[in-house]
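Notes follow the structure.
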Amino acid sequence: MVTPQKSRVKTGETVQFTCIASGSPSPDLTWRKVNGSLPFSSTVQRGVLKIANVTQKDAGSYNFEAKNVEGSANRSGILEIKVTVPRFTQEPLSYLSVQTLTDEPLNFTVEIVFIPEMAGGLILYNDQLTNGSVGDFISFGMSDRFAEFR
1 MVTPQKSRVK TGETVQFTCI ASGSPSPDLT WRKVNGSLPF SSTVQRGVLK
51 IANVTQKDAG SYNFEAKNVE GSANRSGILE IKVTVPRFTQ EPLSYLSVQT
101 LTDEPLNFTV EIVFIPEMAG GLILYNDQLT NGSVGDFISF GMSDRFAEFR
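Take the sequence shown: its letter number 59 is residue 59 in the UniProt record's numbering, and every next letter is one higher.
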């Protein structure tokens, strides 16, 4: 078994897949990337595949094979890349700051049309940075295949 079977990391991070195999005679241990080659930043040592400084191109399935004269065994692991939500700054500011309205009903209509790439994920996020800390925010995303607005 490969551990973890699925790993999700951000670009620039390091990921490690481990697969241990034994046999007599000792099997040859090999890691391969499906539909590609192992990343340049990867190392393989005793069944452990380590990829440093992960990039978007490193995403995919990785197969492990243990093989000797008695036979072979194959296992796989999947590497997914977490998408970082970009932050945009505005100079000059294009909005007007007003005092928060309390106990006032607010009615507004938002229409968003999209085709989600996955069942859970962030689609829209906006926040207000105040003195180095996050202030008010709005987010819209998917949670268990349902739209979620916060």
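Cβ atoms here follow ideal geometry from the backbone N, Cα and C, with glycine treated the same way.
Considering only Ser24, Asn74, Phe40, Trp31, the residue with the shortest C-alpha distance to aspartate 58 is Phe40. Out of Thr14, Ala66, Thr102, the CA that lies nearest to the CA of threonine 43 is found in Thr14. Cβ-Cβ separation between lysine 82 and lysine 33: approximately 19 Å, too far for a contact (criterion under 8 Å).
Boundaries of the beta strand (DSSP E) around alanine 73: 71-82. Note on geometry: alpha-carbon atoms of cysteine 19 and valine 2 lie some 5 Å from one another.
Annotation: the continuous beta strand (DSSP E) that includes alanine 66 extends over 60-68.
Assigned with DSSP and collapsed to three states, glutamine 56 falls in helix.
Shortest Cα-Cα distance from lysine 67 to any of Leu29, Gln5, Phe17 involves Leu29. DSSP places valine 48 in the uninterrupted beta strand (DSSP E) bounded by 48-51.
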